[in-house]
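Trainee:
Numbering (the working numbering), first residue to last: 25 to 393.
1) What residues in its chain sit with their C-beta under 6 angstroms from that of residue 283, if we drop five residues either side in the sequence?
2) From residue 266 to residue 177, what distance separates their C-alpha atoms?
3) Starting from residue 345, follow its DSSP beta bridges and name the residues at the other end.
4) For residue 122, does the three-state DSSP call read helix, strand or coil?
5) Given 8 angstroms as the limit, is there contact between the stretch 243 to 254 and the stretch 308 to 325, that is, 3 or more CB pairs closer than that?
6) How would you write the range of the beta strand (DSSP E) that residue 59 sits in, first residue to last?
7) On a CA-only basis, which of 333, 90, 61 is nearest residue 77? Give me that one, please.
8) According to the Cβ coordinates, are residue 150 and residue 119 closer than 7 angstroms?
9) Specify, as a first and last residue, the run of the alpha helix (DSSP H) that residue 247 falls within.
10) CA-CA distance, residue 171 and residue 196?
11) According to DSSP, is residue 143 part of a helix, a strand, or is it coil?
12) Do residue 36 and residue 101 have their beta-carbon atoms positioned less than 7 angstroms apart in this structure?
13) May I ask you to report which of helix, strand or coil DSSP gives residue 306?
14) For residue 158, which residues of its own chain have a beta-carbon under 6 angstroms away from its beta-carbon, when the five flanking residues on both sides are left out?
15) Got a sec, what are the start and stop residues for the beta strand (DSSP E) residue 283 sits in?
16) Determine whether the beta carbon atoms of residue 303 and residue 320 lie at a separation below 7 angstroms.
17) Under a three-way DSSP split, which group does residue 220 fall into?
18) Hey, how far is the Cα of residue 147 from the Cα of residue 107?
19) Is the number of C-beta pairs between the stretch 226 to 239 and the stretch 375 to 383 that are closer than 8 angstroms three or more?
20) DSSP puts residue 98 in a beta bridge; with which residues?
21) Looking at C-alpha atoms only, which residue of 184, 240, 179 is the closest neighbour of residue 221?
22) Among 128, 289, 260, which residue has its Cα nearest to the Cα of residue 209?
23) Kindly identify the DSSP beta-bridge partner or partners of residue 252.
24) I need the DSSP call for residue 91, collapsed to helix, strand or coil.
25) Taking the CB atoms as reference points, tell me whether residue 211 and residue 271 lie closer together than 7 angstroms.
26) Among the residues of its own chain, which have a CB less than 7 angstroms from the CB of residue 206, if the five just before and after it don't count?
27) Quick one: what does DSSP say residue 157 is sitting in, helix, strand or coil?
28) Go ahead and pull the three-state DSSP assignment for residue 240.
29) Report, in whole angstroms, the separation of the C-beta atoms of residue 111 and residue 91, which I expect to be a contact under 8 angstroms.
30) I'd like to check one pair, residue 28 with residue 69: are the Cβ atoms closer than 7 angstroms?
31) Looking at the secondary structure, which residues open and close the alpha helix (DSSP H) in which residue 192 lies?
32) Using CA atoms only, rank isn't needed, just tell me which of 262, 348, 236, 390 is closest to residue 188.
In structure tokens, the structure reads:
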């Protein structure tokens with residue numbers, strides 16, 4: 025039975041805890057893990073969250089989780105700037121690692137994490153849960169079948185509005201220490217979909233923008249915003265597909281949008297994460313009198329939807345994707361093939377993001393490799 029440690033108990037920490045708790049019930053082909061040790065910034069918070077999440081032990085020092093001999097794998101869900109030190113320590117302690125995205129604020133730090141993973145020989149899964157969607161998996165199968173012919177153009181967007189309010193206070197995601205902004209906080213998710221559906225990005229040109237130059241401080245006064253909430257990218261993929269990527273953390277009305285438009289020689293496919301239990305398919309093979317986008321509802325024959333529900337159209341949710349990701353991770357730990365983005369593959373996503381940032385700084389097209 026796998027012993028689990030958790031460092032960080034915010035939004036994603038709770039998602040990981042739910043996944044670890046539910047994975048055995050949803051997927052009986054893996055053994056239920058043990059929730060061993062939870063780490064937070066202080067003892068009081070750690071004890072409270074351990075009680076809520078069901079962990080046996082709690083510590084106000086993350087190193088106690090790393091050094092616990094009962095912990096086999098650690099879920100790392102802290103803010104991005106803490107990933108490098110913690111991830112490397114976890115791997116050097118001989119633990120497997122489930123780390124939230126992005127890997128690190130700088131590419132050098134991401135490289136150091138990937139090298140630590142290589143040396144450790146441990147499983148290092150990154151939190152790219154959108155690749156686990158039954159709809160995305162089915163889109164991949166349709167592309168493999170070339171049902172829409174040869175793909176020539178890809179448009180992908182990610183938008184949310186949690187930074188749209190100009191009166192909202194300055195917080196850590198506005199600091200340069202957290203990264204570039206929407207580019208690495210958001211763009212990595214659509215890039216994970218590009219990676220599993222189409223392969224690597226070859227070249228990019230990027231523009232970034234700040235909708236608000238400064239933010240109010242809780243203690244009074246204002247502080248300059250150091251990150252960019254908006255990024256727009258043109259890209260060419262290694263397989264010749266032309267694409268656009270747009271991300272915005274200040275898009276009023278958008279809550280969890282990852283919209284994909286895939287255009288081929290014989291049709292097109294549309295998907296939007298805000299309507300994650302359906303996709304749209306247009307085929308030129310249909311008779312002209314019936315041509316149009318058809319709506320395909322996710323159902324039990326779109327694996328692994330059937331592990332959750334026996335009836336079509338009832339719908340999965342965000343946390344269910346995390347449970348699927350957890351199952352893939354446990355499958356990988358058991359030595360079987362799994363659908364995961366590990367550190368080696370994740371480093372290529374980081375490389376693409378940093379090429380985009382370099383393109384913005386240098387105002388030119390940049391080759392990713």
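Every residue gets a Cβ at the ideal spot worked out from N, C-alpha and C, and that includes glycine.
Mentor: Walking through what the data contain:
1) On the chain shown, position 259 is the one that residue 283 refers to. For residue 283, where only same-chain residues beyond five positions count, the Cβ hits under 6 angstroms are 181, 296.
2) In the chain shown, the residue the question calls residue 266 occupies position 242. In the chain shown, the residue the question calls residue 177 occupies position 153. About 5 angstroms.
3) Position 321 of the chain shown, counting from 1, holds the residue named residue 345. Partner(s): none; residue 345 has no beta bridge.
4) Taking the first residue of the chain shown as position 1, residue 122 is located at position 98. DSSP, read as helix, strand or coil, puts residue 122 in strand.
5) no
6) Position 35 of the chain shown holds residue 59. 58 to 63 is the extent of the beta strand (DSSP E) around residue 59.
7) For the purposes of this step, residue 77 is taken as the residue at position 53 of the chain shown. Here the closest residue by C-alpha is 61.
8) Looking up residue 150 in the chain shown gives position 126. Looking up residue 119 in the chain shown gives position 95. Remark: C-beta atoms of residue 150 and residue 119 do not approach each other more closely than 7 angstroms.
9) One-based indexing of the chain shown puts residue 247 at position 223. Premise fails: residue 247 lies in the beta strand (DSSP E), 246 to 248, not in any alpha helix (DSSP H).
10) The residue you call residue 171 lines up with position 147 of the chain shown. The residue you call residue 196 lines up with position 172 of the chain shown. Each residue's Cα considered, the two are about 45 angstroms apart.
11) Here residue 143 refers to the residue found at position 119 of the chain shown. Residue 143 falls in the helix class under three-state DSSP.
12) The residue labelled residue 101 in the question sits at position 77 within the chain shown. The residue labelled residue 36 in the question sits at position 12 within the chain shown. Yes, they are a contact pair.
13) Within the chain shown, numbered from 1, the residue matching residue 306 stands at position 282. Strand, per DSSP.
14) Your numbering for residue 158 matches position 134 in the chain shown. So the qualifying residues of the chain are 322, 326, 329.
15) On the chain shown, residue 283 is found 259 positions in, with the first residue counted as 1. DSSP places residue 283 inside the beta strand (DSSP E), whose first and last residues are 281 to 288.
16) To locate residue 303, count along the chain shown from 1; it is residue 279. To locate residue 320, count along the chain shown from 1; it is residue 296. Contact annotation: residue 303 and residue 320 have beta-carbon atoms nearer than 7 angstroms.
17) Counted from its first residue, the chain shown places residue 220 at position 196. Three-state result, residue 220: helix.
18) Here residue 147 corresponds to residue number 123 of the chain shown, with the count starting at 1. Here residue 107 corresponds to residue number 83 of the chain shown, with the count starting at 1. If you take the alpha carbons of residue 147 and residue 107, they lie about 16 angstroms apart.
19) yes
20) One-based indexing of the chain shown puts residue 98 at position 74. Partner(s): 29, 121.
21) Translated into the one-based positions of the chain shown, residue 221 becomes position 197. Nearest Cα to residue 221 within the set 184, 240, 179: 179.
22) As a first step, residue 209 is located in the chain shown; it is residue number 185 there, counting from the start. Nearest of 128, 289, 260 to residue 209, Cα basis: 128.
23) Reading the chain shown from its first residue, position 228 is the one you call residue 252. BP columns for residue 252 point to 205.
24) The count along the chain shown starts at 1 and reaches residue 91 at position 67. If DSSP states are grouped into helix, strand and coil, residue 91 belongs with coil.
25) Start at 1 with the first residue of the chain shown, and residue 211 comes out as number 187. Start at 1 with the first residue of the chain shown, and residue 271 comes out as number 247. Yes.
26) Taking the first residue of the chain shown as 1, we reach residue 206 at position 182. Counting only Cβ-Cβ distances below 7 angstroms, and skipping sequence neighbours, we find 252, 253, 254, 255, 271, 272, 273.
27) Mapped onto the chain shown, residue 157 falls at position 133. Residue 157: coil per DSSP, three-state reduction.
28) Reading the chain shown from its first residue, position 216 is the one you call residue 240. In the structure shown, residue 240 sits in a strand (DSSP, three-state: E or B).
29) Translated into positions along the chain shown, residue 111 becomes position 87. Translated into positions along the chain shown, residue 91 becomes position 67. The Cβ separation is near 15 angstroms, so there is no contact.
30) Counting from one through the chain shown, the residue named residue 69 turns up at place 45. Counting from one through the chain shown, the residue named residue 28 turns up at place 4. No, these two residues do not count as a Cβ contact at 7 angstroms.
31) To locate residue 192, count along the chain shown from 1; it is residue 168. DSSP places residue 192 outside any alpha helix (DSSP H), giving it a letter other than H or E.
32) The residue given as residue 188 occupies position 164 in the chain shown. With distances taken between Cα atoms, residue 188 lies closest to 236.
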